[in-house]
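Peer 1: Let me begin by handing over the structure; questions about it come next.
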Amino acid sequence: MRTGRGLMQAGRRLLRPAPGAQNGPEAVAGQDLAEAAKPGDMLLILGSPWFRTDYAELLQAMRARTGLGIAMLVYDLIPLTRPEFCDPGLVRTFRAWFSSTMPLVDRFLAISRATARDLERYAAATGLVLKHPVAVLPIGTGFGEAAPPVVSARVAALEPGYVLLVSTIEARKNHLLAFRAWRRLAEQLPPSQVPTLVFAGHVGWMVADLMQQLENCGWLGGKVVLLEDPSDGELAALYAGCRFTLFPSHYEGWGLPVTESLSFGKICVCSSTTSVPEAGGSFCLYHDPEDVPEAVAILRRLISHPAEVAMMEARLRQEFRPRTWTESAEALLQAVEG
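Residue numbering for the sequence shown follows the UniProt record's numbering, beginning at 1 and increasing consecutively.
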């Protein structure tokens, strides 16, 4: 996960070296954990090791050998809270892993208030008493230095003034609502007033019906375009050239495409559910992810009133402050040590 990578890269600069280390935290590689650990130290789990069916056993053995406490960062509980968007095998594996691992964790951290609430509800439903309140970790915006824009041939071919949806194309991200909203725009407005909708991302899972519908209607007469697997440079160019962005996701642990859009100076029309409003704050326009007419009304308003978009962008440039991953890492260490 990109969030975990951002935290780990920033965290390495803040962690104390192991005893006798000459080159900082990197020197711990290959060293016995029992030798590196000090009283009161915590094993910090930033990844997503749910695929390890023996993970709870490994943690128990590690704790018995080293005495380390255990802290875990939780990104989301989607396989438990919205299993309809996941492969059944993933749901079974994740539930078994989390149920066995959760009682061993001393401190939980979550990347949003919404995820913290999900975690607390799940603990209550399963009879687990959390040892500490769940700490909410402020998440960094973007991923370091932005890549220089690359206007490739397929980016240059886009009609100016397009609307951008950056995400893996999967059922949870709700590209279906975007398609239905654009179909209504095409019915209600002259063709010259309907902007192109650009899907930028990898074609994922549980979207065969959507892709077939798009093929059957000729991608809405060319008003919907797929730009598959864009590079970082192409993404930078896409953000620079778009009118605004769209993110109608049904469920998120945070909402990185929203903060990424804001960091590029583009407002986002996004869903009003789970953690997305935490990511977008007052810089976005929100709709119920199940409500196509509500989304269409917002889209028509922005399409018809470009001056409003310009005003929102001006406020965004003036007031939005991207959060660095170093700030996130500092908050993470403070939460673990607290």
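Ideal Cβ positions, reconstructed from N, Cα and C, are used throughout, including at glycine.
Return the chain-ordered list of same chain residues with a C-beta closer than 8 Å to the C-beta of Asn174, the five sequence neighbours on each side being excluded.
Peer 2: For the purposes of this step, residue 174 is taken as the residue at position 174 of the sequence shown. The answer, listed in chain order, is Pro248, Ser249, His250, Ser271 and Pro289.
Peer 1: Counting along the chain, where does the beta strand (DSSP E) carrying Ala37 start and finish?
Peer 2: Residue numbering aside, residue 37 sits at position 37 when the sequence shown is read from its first letter. Counting along the chain, Ala37 falls outside any beta strand (DSSP E), and DSSP gives it neither H nor E.
Peer 1: On the premise that Phe108 lies in contact with Val80, defined as a C-beta separation below 8 Å, what is that separation, rounded to the nearest angstrom?
Peer 2: Start at 1 with the first residue of the sequence shown, and residue 80 comes out as number 80. Start at 1 with the first residue of the sequence shown, and residue 108 comes out as number 108. Note that residue 80 is Leu in the sequence shown here, rather than Val. Their Cβ separation, rounded to whole angstroms, is 14 Å, which puts Leu80 and Phe108 out of contact at 8 Å.
Peer 1: Note down, in chain order, each residue of its chain lying with its Cβ closer than 6 Å to the Cβ of Cys86, except the 5 sequence neighbours on either side.
Peer 2: Position 86 of the sequence shown, counted from the first residue, corresponds to residue 86. Only Pro79 meet the Cβ criterion.
Peer 1: Quick check on the DSSP output: what are the complete beta strand (DSSP E) runs of length 3 or more inside the UniProt domain "Glycosyl transferase family 1" (159 to 307), in order along the chain?
Peer 2: Here the runs fully enclosed are 163 to 166, 197 to 201, 224 to 228, 244 to 247, 268 to 271 and 284 to 287.
Peer 1: Distance check for Arg301 and Pro25, CA to CA, integer angstroms please.
Peer 2: Locating residue 25 in the sequence shown gives position 25, where the first residue counts as 1. Locating residue 301 in the sequence shown gives position 301, where the first residue counts as 1. With a pLDDT of only 48 at Pro25, under 50, the local geometry of the prediction cannot be trusted, and the value read off the model is given with reservation. Straight-line Cα distance between these residues: approximately 52 Å.
Peer 1: Excluding the 5 residues flanking Val258 on each side, which residues of the same chain have their C-beta closer than 7 Å to its C-beta?
Peer 2: As a first step, residue 258 is located in the sequence shown; it is residue number 258 there, counting from the start. Closer than 7 Å at Cβ, skipping near neighbours: Phe247, Cys268, Cys270, Val276, Ala279, Gly280 and Cys284.
Peer 1: Take the Cβ of Lys266 as the centre, count every other Cβ of all protein chains shown within 10 Å, and call the residue buried at 16 or more, exposed below.
Peer 2: Translated into the one-based positions of the sequence shown, residue 266 becomes position 266. Lys266 should be labelled buried.
Peer 1: Which class does Gly127 belong to by DSSP, given the choice of helix, strand or coil?
Peer 2: Here residue 127 is taken as the residue at index 127 of the sequence shown, counted from 1. Of the three classes helix, strand and coil, the one that applies to Gly127 here is coil, per DSSP.
Peer 1: Between Glu84 and Gly204, what straight-line distance do the alpha-carbon atoms span, to the nearest angstrom?
Peer 2: Position 84 of the sequence shown, counted from the start, is the residue given in the question as residue 84. Position 204 of the sequence shown, counted from the start, is the residue given in the question as residue 204. C-alpha separation (whole angstroms): 15 Å.
Peer 1: On the DSSP letters alone, give me the boundaries of the alpha helix (DSSP H) that Val91 sits inside.
Peer 2: Numbered from its first residue, the sequence shown carries residue 91 at position 91. Pro88 to Thr101 is the extent of the alpha helix (DSSP H) around Val91.
Peer 1: With 9 Å as the threshold, decide whether the Cβ of Leu214 is near any Cβ in chain B.
Peer 2: Going by chain labels, chain B is absent from the structure shown, which holds only one protein chain.
Peer 1: At which residues does the beta strand (DSSP E) containing Leu73 begin and terminate?
Peer 2: Here residue 73 refers to the residue found at position 73 when the sequence shown is read from its first residue. Looking at the DSSP string, the run of the beta strand (DSSP E) that includes Leu73 is Gly69 to Val74.
Peer 1: Exposed or buried, what is Met211 when buried is set at 16 or more other beta-carbons lying within 10 Å of its beta-carbon?
Peer 2: By 1-based counting over the sequence shown, the position of residue 211 is 211. The residue is exposed, with fewer than 16 neighbouring Cβ atoms inside 10 Å.
Peer 1: Between Leu197 and Ala178, how many whole angstroms is the CB-CB distance? I'm expecting something under 8 Å.
Peer 2: Here residue 197 corresponds to residue number 197 of the sequence shown, with the count starting at 1. Here residue 178 corresponds to residue number 178 of the sequence shown, with the count starting at 1. That belief holds up - the Cβ atoms of Leu197 and Ala178 are roughly 6 Å apart, short of 8 Å.
Peer 1: Under 6 Å Cβ to Cβ from Ala71, same chain only, skipping five residues before and after it: list those, please.
Peer 2: On the sequence shown, residue 71 is found 71 positions in, with the first residue counted as 1. Counting only Cβ-Cβ distances below 6 Å, and skipping sequence neighbours, we find Met42, Leu44, Arg107 and Val336.
Peer 1: Among Thr324, Tyr75, Pro190 and Ser152, which has the Cα closest to the Cα of Glu260?
Peer 2: If you number the sequence shown from 1, residue 260 lands on position 260. That would be Thr324, whose Cα lies nearest to the Cα of Glu260.
Peer 1: For Phe320, name the three-state secondary structure that DSSP assigns.
Peer 2: Numbered from 1 along the sequence shown, position 320 holds the residue referred to as residue 320. It is coil, neither helix nor strand.
Peer 1: Rounding to the nearest angstrom, what Cα-Cα distance links Asp222 and Ser192 in this structure?
Peer 2: Position 222 of the sequence shown, counting from 1, holds the residue named residue 222. Position 192 of the sequence shown, counting from 1, holds the residue named residue 192. Before going further, note that residue 222 is Gly rather than Asp in the sequence given. Looking at the two C-alpha atoms, the distance is approximately 12 Å.
Peer 1: Please state whether the Cβ-Cβ distance between Ser100 and Tyr55 is less than 9 Å.
Peer 2: Taking the first residue of the sequence shown as 1, we reach residue 100 at position 100. Taking the first residue of the sequence shown as 1, we reach residue 55 at position 55. Yes, Cβ-Cβ distance for Ser100 and Tyr55 is below 9 Å.
Peer 1: What is the rounded straight-line gap between the Cα of Ala27 and the Cα of Ala36?
Peer 2: Sequence index remark: in the sequence shown, residue 27 carries index 27 (1-based). Sequence index remark: in the sequence shown, residue 36 carries index 36 (1-based). Because the pLDDT at Ala27 is just 44, under 50, the model does not fix this residue reliably, and the point stays unresolved.
Peer 1: Can you have a look at Leu59 and say buried or exposed, based on whether 16 or more other CB atoms are within 10 angstroms of its CB?
Peer 2: The sequence position of residue 59 within the sequence shown is 59, counting from 1. Label assigned to Leu59: buried.
Peer 1: Does DSSP put Ile45 in a helix, a strand or coil?
Peer 2: Walking along the sequence shown from the start, residue 45 turns up at place 45. In this structure, Ile45 counts as strand in the three-state DSSP scheme.
Peer 1: Exposed or buried, which one is Glu57 when buried takes at least 16 other CB atoms within 10 Å?
Peer 2: For the purposes of this step, residue 57 is taken as the residue at position 57 of the sequence shown. It counts as exposed.
Peer 1: My output table needs one value for Leu333: the three-state DSSP class, helix, strand or coil.
Peer 2: For the purposes of this step, residue 333 is taken as residue 333 along the sequence shown, with counting starting at 1. Correct three-state label for Leu333: helix.
Peer 1: Using beta-carbon positions only, say whether Gly241 and Thr274 come within less than 9 Å of one another.
Peer 2: Reading the sequence shown from its first residue, position 241 is the one you call residue 241. Reading the sequence shown from its first residue, position 274 is the one you call residue 274. Contact: no.
Peer 1: Let me know if Glu140 comes out buried or exposed under the rule of 16 or more other beta-carbons within 10 Å of its beta-carbon.
Peer 2: Counting from 1 along the sequence shown, the entry for residue 140 is found at position 140. Just to set this straight, residue 140 is Gly in the shown sequence, not Glu. With 16 or more Cβ atoms within 10 Å of its Cβ, Gly140 is classed as buried.
Peer 1: Arg317 and Arg172: beta carbons closer than 9 Å?
Peer 2: As a position in the sequence shown, residue 317 is number 317, starting the count at 1. As a position in the sequence shown, residue 172 is number 172, starting the count at 1. Contact flag unset, no.
Peer 1: For Pro49, which residues from the same chain have a beta carbon less than 8 Å from its beta carbon, with the 5 sequence-adjacent residues on both sides left out?
Peer 2: The sequence position of residue 49 within the sequence shown is 49, counting from 1. Same-chain partners within the cutoff: Tyr55 and Trp97.
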